[in-house]
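All remarks here apply to the structure that follows.
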Amino acid sequence: MKRVKVEDISRPSEKLSELRKEDFKPLPADFADPEATPEFKPLSDEARQKFEATLDDTLALSLPKPKSKEEEDELVARFLSGMEKLFSEENNWTFLQPLLLSMEHCAACHTCSDACHIYEASGENPIYRPAYRSEVFRRLYKKHVKGNGGLLSAWRSGEIELNWTTVARLAELAYRCNLCRRCAQTCPIGVDNALIAHEIRKVFSQEMGIAPREIHLDGSVKQLRTGSSTGMSAEVVKDNIEFIDEDISEKTGLSIETPWDKHGADILLIHNAGEILSWPLNPGAFAVIFESAGLSWTMSSEIAAYDGINYGVWYDDFQFARVAIKHAEAARKLGVKKIVLGECGHAHKALTVIADRVLTGELNIPRESCMVTFWDLISSGRIKVDPSRNDFPVTLHDPCNLVRLMGIVDPQRKILKKIAPRFREMTPHGVENYCCGGGSGFAIMSGHNFADWRAQISGRKKLEQVLNAFKDELDPSVKKYLCAPCSNCKGQLRDLLSYYDVWEKYGILYDGMAELIVNCMTDVEPGFIEWEWH
Amino acid sequence: MSLILLVTYVSAGVFIVAVVSRFVKYASLPIHLRWELYPVAHEKGRAKYGGSYLEELDWWTKPRESSLIGELKVMIPEILFLAGVREHNKNHWLRSFPFHFGLYLLAGLIVLLIVGAVLEAVGIAVSREAGLAGRAIHHLTYIVGWVGLVLGLLGAIALLVRRVFNASYREYTKKADYFNLAFFIVTFVVAVAAHGMADPYFADLRSYAGSLLMFDFDFSARPLLAAEIVLASILVAYVPLTHMSHFFTKWFMYHGIRWSDEPAQRGGKIEGRVEQLLKHRVTWAAPHIRGDGKKNWVDVATSDVVEDRQQ
Chain A
1439 MKRVKVEDIS
1449 RPSEKLSELR
1459 KEDFKPLPAD
1469 FADPEATPEF
1479 KPLSDEARQK
1489 FEATLDDTLA
1499 LSLPKPKSKE
1509 EEDELVARFL
1519 SGMEKLFSEE
1529 NNWTFLQPLL
1539 LSMEHCAACH
1549 TCSDACHIYE
1559 ASGENPIYRP
1569 AYRSEVFRRL
1579 YKKHVKGNGG
1589 LLSAWRSGEI
1599 ELNWTTVARL
1609 AELAYRCNLC
1619 RRCAQTCPIG
1629 VDNALIAHEI
1639 RKVFSQEMGI
1649 APREIHLDGS
1659 VKQLRTGSST
1669 GMSAEVVKDN
1679 IEFIDEDISE
1689 KTGLSIETPW
1699 DKHGADILLI
1709 HNAGEILSWP
1719 LNPGAFAVIF
1729 ESAGLSWTMS
1739 SEIAAYDGIN
1749 YGVWYDDFQF
1759 ARVAIKHAEA
1769 ARKLGVKKIV
1779 LGECGHAHKA
1789 LTVIADRVLT
1799 GELNIPRESC
1809 MVTFWDLISS
1819 GRIKVDPSRN
1829 DFPVTLHDPC
1839 NLVRLMGIVD
1849 PQRKILKKIA
1859 PRFREMTPHG
1869 VENYCCGGGS
1879 GFAIMSGHNF
1889 ADWRAQISGR
1899 KKLEQVLNAF
1909 KDELDPSVKK
1919 YLCAPCSNCK
1929 GQLRDLLSYY
1939 DVWEKYGILY
1949 DGMAELIVNC
1959 MTDVEPGFIE
1969 WEWH
Chain B
4 MSLILLVTYV
14 SAGVFIVAVV
24 SRFVKYASLP
34 IHLRWELYPV
44 AHEKGRAKYG
54 GSYLEELDWW
64 TKPRESSLIG
74 ELKVMIPEIL
84 FLAGVREHNK
94 NHWLRSFPFH
104 FGLYLLAGLI
114 VLLIVGAVLE
124 AVGIAVSREA
134 GLAGRAIHHL
144 TYIVGWVGLV
154 LGLLGAIALL
164 VRRVFNASYR
174 EYTKKADYFN
184 LAFFIVTFVV
194 AVAAHGMADP
204 YFADLRSYAG
214 SLLMFDFDFS
224 ARPLLAAEIV
234 LASILVAYVP
244 LTHMSHFFTK
254 WFMYHGIRWS
264 DEPAQRGGKI
274 EGRVEQLLKH
284 RVTWAAPHIR
294 GDGKKNWVDV
304 ATSDVVEDRQ
314 Q
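As you go down the protein sequences, you meet chains A and B in turn. Everything in the first sequence is counted per my numbering, starting at 1439 for the first residue and increasing by one. Everything in the second sequence is counted per my numbering, starting at 4 for the first residue and increasing by one.
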């Protein structure tokens, strides 16, 4: 593979790095031969002409090419202005200390590289080293923000040129990281390359108004305006839940009715609204569990409060704060005792951990993971389970946000050990897990050929883990269950398994935790899980 | 020769000022949003698998159990043996560990020299024929000094070789990094020569430590010893001015970020600090923020998105 130096990012060329299937890390099972894997769809000529596409062979941002040198210079100036703001307390108190520490102390030992699933899967492409974009940004910071760009700065911090090529490539490169922070976990000093990618995204979004359409305009903006990134208004979401309740009642033999806007309920349950549209069994299963256990709970029809997503956590502190405040405000209005987060990893982390220092006063309402709630209900016997109904191979995908970034590791394992007799772990798992490849917004980004990149590069390690977890029972006649208690992970796993035709070839189905629990509840009609591809 | 003492005093002063000022700089930065990373070492009973108090039902109603022993169980192997590098990057550890452990031993040498000098100042001889304390210091100084020098030198050479000949490392290595390693190597070589050719038991260095403690500017040294002292003094002053200051800023990385999992309480100290920060006025220019320097964080975060961006 072609070597790429840090300073090469500033040198105009057709492509900084090329993605070739034969370079990628070989997959197990029938995919060991690169020829047996799907083709990596090339970027169209039209896309290359219209957008800044000189980083690699895909596009996440679709950044239009400037029409003139003046426009390029203006964009570079705005980038620099954003960088300066990023290092000021007034504009970035939220992450200033972690950012500065990571800017100042990298020893370039490359320990982070071995931890990165994207770097490994790509066949060790030098631009996907976690340290590559960090080093570019670090040199720009030291030359243009901290120092005066003199010879001493270059001697101490390395060469870099700030031009439009650098800025455009850096914008794309900020979206070649899942922000899973596995690299940070292994850094002996504590440098956090994922944080740096996050902060670079903020410069582009908060100063220049540049972010992937799927996570900004069609994501957080739509959520704040209509109530959900799915576009569902309160009326529509209530209708949909009503349909789900009817279906689930018929399927389970129970009478299920989801409560809405119930003042004084103990629990406000917030789902990722994507579940309601794409995996309706999941919110249905929650309703079955909560109703069967006799919990006092409700959902909210307030704007944004029936959709737990908070895409701002990946790229923009202000969009993040706006959504978090909406969630907390809805809970405050209802007077609930706590918010329980549905199966969505980033919603968990955003509202429970990151927003902890945003939600002050009456907005600081306790937040709890549904994994904790589920385990309490099962371990206390409030819902009765018959594990023999789940007598099929099960493995668990750990959403990074739940495990590495929140430390919620054990409850989901206790549940699976109780309800799934043929449960087996992936290797590695828990806080050392690998990202599904859809983290930080990628699961909902499929423009141009980005879906190919997700399946061939960022999701590759997860596919390897899934196949290895079931390697002794890969026969498609043995139906297998990949439990993924996170909506975004499920979106990525749906695309990933579909891309490689894993359901047909190996009989591996993915779905959530709630479905698996209801599938073995004794007061529910058997056969809750639908063994067909969805 | 009083110039040598002056160099050491100034270097020690620079070291202290640099460490304190960097420490104060990082400590006085504003509280940040939570960004912890598991395992968090002080999570009692849970650190071994990476769990947190968030695994508890109604966690906010229960006392948080924090374990200092848990932290020490991670910190001591991490500091002394670079456990993280050993686990995740064995090849690098084989070079980095001797270098760092050599430096720890040389820091120990300084302590032993000072202790020895104090003993001599109060009339207790330090030599192989001396009493128990003097004999112990004599032998310890010899062992710690030589093992530290040899490990430090070998480690620094191994690191430099890797940075020169391994392309992945070379591409990320700045000229200053080469200089830093070369500086260490030259200092170690001079020290090895100074004590290999004469003063193998570091007695002259102990005399120098005594002169430093007693402000005895009449100290005189052989040229090699003088070179060693000057180089080592400047090196001590130089390290905290560079990214090598990670030897103490790592404390912030771990305690201030990775393990900083304290939840905010209504009306608590964290909330008070955050409320002050939320008053900061913002100037971010994107259309969905329109920070004009008058609106603060609360104003923006509680306002509607007024304008779509161009894309």
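Cβ coordinates follow ideal geometry from the N, Cα and C atoms, glycine included.
Check the DSSP bridge columns for A/C1921 and list the partner residues they point to.
-> Assignment of beta-bridge partners to A/C1921 by DSSP yields A/L1834 and A/D1949.
Paired residues, beta bridge with A/F1489 - DSSP: Looking at the DSSP output, A/F1489 bridges to A/P1502.
Q. Where does A/Q1903 land, buried or exposed, given buried means 16+ other C-beta within 10 angstroms?
A. Residue burial is scored here from C-beta neighbours: A/Q1903 has at least 16 other C-beta atoms within 10 angstroms and is therefore classed as buried.
Between A/L1499, A/P1464, A/E1490 and A/E1456, which has its C-alpha nearest A/K1479's C-alpha? Selected option, being the one with the closest Cα: A/E1456.
Using only alpha-carbon positions, find the residue among B/R37, B/G73 and B/Q268 that is nearest to B/P66.
The candidate whose alpha carbon is nearest that of B/P66 is B/Q268.
(request) Using only alpha-carbon positions, find the residue among A/D1814, A/K1852 and A/C1921 that is nearest to B/L60. (result) Checked all of A/D1814, A/K1852 and A/C1921; the closest Cα to B/L60 is A/D1814.
Would you mind sorting A/Q1487 into buried or exposed? The rule is 16 or more other CB atoms within 10 Å of its CB.
Using a 10 angstroms sphere on the CB of A/Q1487, the tally of other CB atoms stays under 16, which defines it as exposed.
Under 8 Å between C-beta atoms of B/E39 and B/R284:
Against a cut-off of 8 Å, the Cβ pair of B/R284 and B/E39 comes out as no contact.
- prompt: Under 7 Å Cβ-Cβ, which residues of chain A neighbour B/T286?
  reply: Here the neighbours are K1523 and N1529.
Q: Using alpha carbons as the reference points, say which of A/R1898, A/D1745, A/M1959 and A/G1945 lies closest to A/L1465.
A: Closest by alpha carbon: A/R1898.
Restricting to Cα atoms, I'd like to know which of A/S1738, A/G1596 and A/R1607 is closest to A/K1581.
Ranked by how close their Cα comes to the Cα of A/K1581, the residues A/S1738, A/G1596 and A/R1607 have A/G1596 in first place.
Nearest to A/C1921 by CA position, among A/N1957, A/H1886 and A/F1575, is which residue? Relative to the Cα of A/C1921, the nearest Cα in the group A/N1957, A/H1886 and A/F1575 belongs to A/N1957.
task: Tell me where the beta strand (DSSP E) around A/I1705 begins and ends.
output: Its beta strand (DSSP E) spans residues I1705 to I1708.
Is the Cβ of A/I1792 closer than 8 Å to any Cβ of chain B?
Yes, because at least one Cβ of chain B sits closer than 8 Å to the Cβ of A/I1792.
Item to complete: If I'm right that A/F1908 touches A/I1946 with Cβ under 8 Å, what's the distance once you round it to whole angstroms?
Response: Correct: roughly 6 Å between the Cβ atoms.
**Message:** Can you list, in chain order, the residues of its chain with a C-beta nearer than 6 Å to that of A/R1892? Leave out the 5 residues immediately preceding and following it.
**Reply:** G1875 and F1880.
If you reduce the DSSP assignment to three classes, tell me which class B/R49 lands in. Here B/R49 sits in coil by DSSP.
For the beta strand (DSSP E) containing A/E1806, name the first residue and the last one.
That run of the beta strand (DSSP E) goes R1805 to S1807.
Beta carbon proximity, A/A1545 to chain B, threshold 8 Å: Closer than 8 Å: yes.
I'd like to know whether the C-beta of B/I273 is nearer than 8 Å to at least one C-beta of chain A.
Among the CB atoms of chain A, one or more fall inside 8 Å of the CB of B/I273.
To which residues of the same chain is B/Q314 closer than 8 Å at the C-beta, ignoring the five residues directly before and after it?
Unreliable placement is indicated for B/Q314, whose pLDDT of 42 sits below 50; the coordinate value is still reported in the next sentence. In its chain, beyond the 5 residues on either side, no residue has a beta carbon closer than 8 Å to the beta carbon of B/Q314.
Taking A/I1777 as part of the beta strand (DSSP E), name the residues at either end of that continuous run. A/I1777: member of the beta strand (DSSP E) spanning K1776 to L1779, first to last residue.
Margin query: Only counting the same chain, and skipping five residues up and downstream in sequence, which positions put a Cβ closer than 6 Å to that of A/K1700?
Written below: Once the five neighbours on either side are set aside, the close Cβ partners of A/K1700 are T1736.
What does the alpha-carbon distance come out to for the pair A/Q1894 and A/L1537? If you draw a straight line from the Cα of A/Q1894 to the Cα of A/L1537, it is about 31 Å long.
* Asked: Can you tell which of A/E1870, A/A1743, A/V1869 and A/R1851 has its C-alpha closest to the C-alpha of A/F1861?
  -> Nearest Cα to A/F1861 within the set A/E1870, A/A1743, A/V1869 and A/R1851: A/R1851.
Check your understanding: Would you say A/G1773 faces chain B, with C-beta separation under 8 Å as the test?
Key -> A/G1773 has a beta carbon lying at 8 Å or more from every beta carbon in chain B.
Discussion item. Runs of 4 residues minimum, wholly inside the segment 1594-1679 of chain A: which ones carry the alpha helix (DSSP H) assignment?
Written reply: Entirely contained in the segment 1594-1679 of chain A, the alpha helix (DSSP H) runs reaching 4 residues are, in chain order, 1602-1611, 1620-1624, 1631-1640 and 1660-1664.
Checklist line | Top-ranked residue by Cα proximity to B/F102, from B/L163, B/G213, B/A229 and B/A170 | finding: When each option's Cα is compared against that of B/F102, the closest is B/L163.
* Are the CB atoms of A/P1450 and A/T1603 nearer to each other than 8 Å? -> Contact flag set, yes.
Return the chain-ordered list of same chain residues with a C-beta closer than 6 Å to the C-beta of B/A86, the five sequence neighbours on each side being excluded. Closer than 6 Å at Cβ, skipping near neighbours: P80.
Euclidean distance between Cα positions of B/K47 and A/E1953
C-alpha separation (whole angstroms): 32 Å.
Residues bridged to B/R293 (per DSSP) = Looking at the DSSP output, B/R293 bridges to nothing.
Residue interval of the alpha helix (DSSP H) (run including A/K1899) | A/K1899 -> alpha helix (DSSP H) spans R1898 to A1907.
Is the shortest distance between the beta-carbon of B/K298 and the beta-carbons of chain A less than 8 Å? Cβ-Cβ to chain A under 8 Å: no for B/K298.
My output table needs one value for A/C1526: the three-state DSSP class, helix, strand or coil.
A small correction: the amino acid at residue 1526 of chain A is Ser; Cys does not occupy that position in the sequence shown. For A/S1526, the secondary structure class from DSSP, reduced to helix, strand or coil, is coil.
What is the DSSP secondary structure of B/V308, counted as helix, strand or coil?
-> B/V308: coil per DSSP, three-state reduction.
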